[in-house]
Amino acid sequence: MVFTYLAGPLIGGVIGYITNDIAIRMLFRPHQAKYLFGRKLPFTPGIIPKEKGRIAGAVGGAISENLMNQEVMERNLLSEEMMEKLSATFDRFFDTQKKSDETLRSFLKRFLSDEEIESISTDMQGQLTTLISKKMADSEVGGKIAHMAVDHVMQKMQHFGSYIGDALSENGIGKGGGFGDMISRGIGRLFGNSSKKHASDFINALAAPVEQALAKNINEMLRDNSAEMVGGMIQKERQRLLDCTMSELLEDKEEQIAQLKSSIISLYQHVITERLPRILHAINISKMIENRINEMEMAEAEHLILEVMDKELKAIVWLGALLGAIMGTLNLLTSNFLY
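Position one of the sequence shown corresponds to residue 30 (the numbering used here), numbered consecutively onward.
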């Protein structure tokens, strides 16, 4: 008697459980269409495999328009929390490098091969050598060097001439005849009575042609040899730089590091603010997600969806059992009421 009352709800529950379980499985299975006597069986493949392309496009569009659009991305990428993380990451990196005995070459090897490091550093050396040697050859370096050299020599000669004249006068040379008198008369004939002034004028008159000739020779020397000289110096500095430890390179560079940090953060903010639309357009998140879903094997997609929604799908199955049991109970009550 009891079984008679329990049979209806029990059978209804079992039917509800089984039908919901089958319905969920039919979302994914079969993965491929099935044929019988050359005719495709209905409900094959499953709903999701059959509509995979449309679902992929819909999911990609929904994510790009609502979850990963420009406004959402910009708000998160420029949030105060993100800025603090970026700043803290920068500080941790340089605090570590300040204490590191690793050479710059070893540090670069984390990201580049030996050949790439050598190629990049050699290219930089060549570019710097060309730039500096060209500037030295084309600029007025020779004229400036010549002017400085002649000006220095003129000052020395004027000082020396004054010293000689004063020494001759103080020692009475030129008054008693002989070699001293000959020097005195020579200076007098050459410069007259105002020997200091005329000596200065004479030296100044020689300066211009000497400076021009010297500048010409220096410029020719720089034009012919600057590339070799500069290249040799830069090559030595390049090797020395690569063999320096990170701690040596960053020693007493707090101000430069702070400026670099500020520049990197400003660049990051500029890229997000000004370039994010172009980046999102270039990436095309919607198409990327759509392509990825289409590339997935159906078994992989089924496993992924079931893994994410396992709890919810099981709840639907048990809800079917509950509804089946309720319907069985109602059917039992209705039958007893009618009869």
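Glycine included, C-beta positions come from ideal geometry on N, C-alpha and C.
Residue i versus residue j: straight-line alpha-carbon distance, rounded
i       : j       : result
Leu-329 : Ser-93  : Residue 329 is actually Glu in this sequence, not Leu. Rounded to the nearest angstrom, the two C-alpha atoms are 23 Å apart.
Met-211 : Pro-238 : For Met-211, the predicted model reports a pLDDT of 47, less than 50, meaning its position is unreliable; a value from the coordinates is still stated below. Roughly 30 Å separates the two Cα atoms.
Tyr-34  : Leu-361 : 7 Å
Leu-133 : Gly-261 : 21 Å
Ile-51  : Leu-342 : 12 Å
Ile-40  : Gly-357 : 7 Å
Lys-290 : Glu-109 : 16 Å
Lys-138 : Leu-251 : 37 Å
Arg-121 : Gly-349 : 55 Å
Leu-70  : Glu-319 : 28 Å
Ile-53  : Met-97  : 29 Å
Asp-143 : Gln-264 : 17 Å
Leu-141 : Gln-156 : 20 Å
Asn-248 : Leu-115 : 50 Å
Leu-351 : Val-43  : 9 Å
Ile-314 : Gly-89  : 7 Å
Residue i, enclosing alpha helix (DSSP H) - first and last residue
i       : result
Met-275 : 275 to 279
Thr-302 : Neither: Thr-302 is in no alpha helix (DSSP H) and is coded neither H nor E.
DSSP-derived helix/strand/coil call for residue i
i       : result
Leu-282 : A quick correction: the sequence has Lys, not Leu, at residue 282. In this structure, Lys-282 counts as coil in the three-state DSSP scheme.
Thr-73  : coil
Gly-206 : Reliability of the predicted coordinates at Gly-206 is poor, the pLDDT of 47 falling under 50, and no value is obtained from them.
Leu-141 : coil
Glu-324 : helix
Arg-121 : helix
Met-97  : coil
Thr-358 : helix
Arg-58  : coil
Leu-39  : helix
Leu-289 : helix
Asn-105 : helix
Ser-224 : Residue confidence is low: Ser-224 scores 49 on pLDDT, short of 50, so the model does not pin down where it sits. Its coordinate-derived value is still stated next. Here Ser-224 sits in helix by DSSP.
Asn-248 : helix
Nearest neighbour of residue i, chosen from the options [CA to CA]
i       : options                            : result
Met-102 : Pro-306, Ile-334, Met-338          : Pro-306
Met-275 : Thr-73, Glu-131, Ala-350           : Glu-131
Ile-345 : Ile-40, Gly-41, Tyr-46, Ala-36     : Tyr-46
Leu-56  : Arg-267, Gly-75, Val-259           : Gly-75
Asp-124 : Gly-82, Thr-358, Lys-282, Leu-352  : Lys-282
Tyr-297 : Asn-323, Ala-354, Leu-107, Leu-309 : Leu-107
Glu-326 : Ile-293, Asn-49, Arg-58            : Arg-58
Ala-85  : Leu-352, Arg-321, Lys-114          : Arg-321
Glu-257 : Ala-62, Glu-113, Thr-158           : Thr-158
Gln-241 : Ala-175, Ile-44, Gln-126, Ile-314  : Ala-175
According to DSSP, residues forming a beta bridge with residue i
i       : result
Arg-83  : In DSSP, Arg-83 forms no bridge with anything.
Leu-65  : Arg-68
Thr-132 : Thr-274
Neighbour flag for residue i against chain B, beta carbons, 8 Å
i       : result
Lys-343 : Among the chains in the structure shown there is no chain B, since it carries only a single protein chain.
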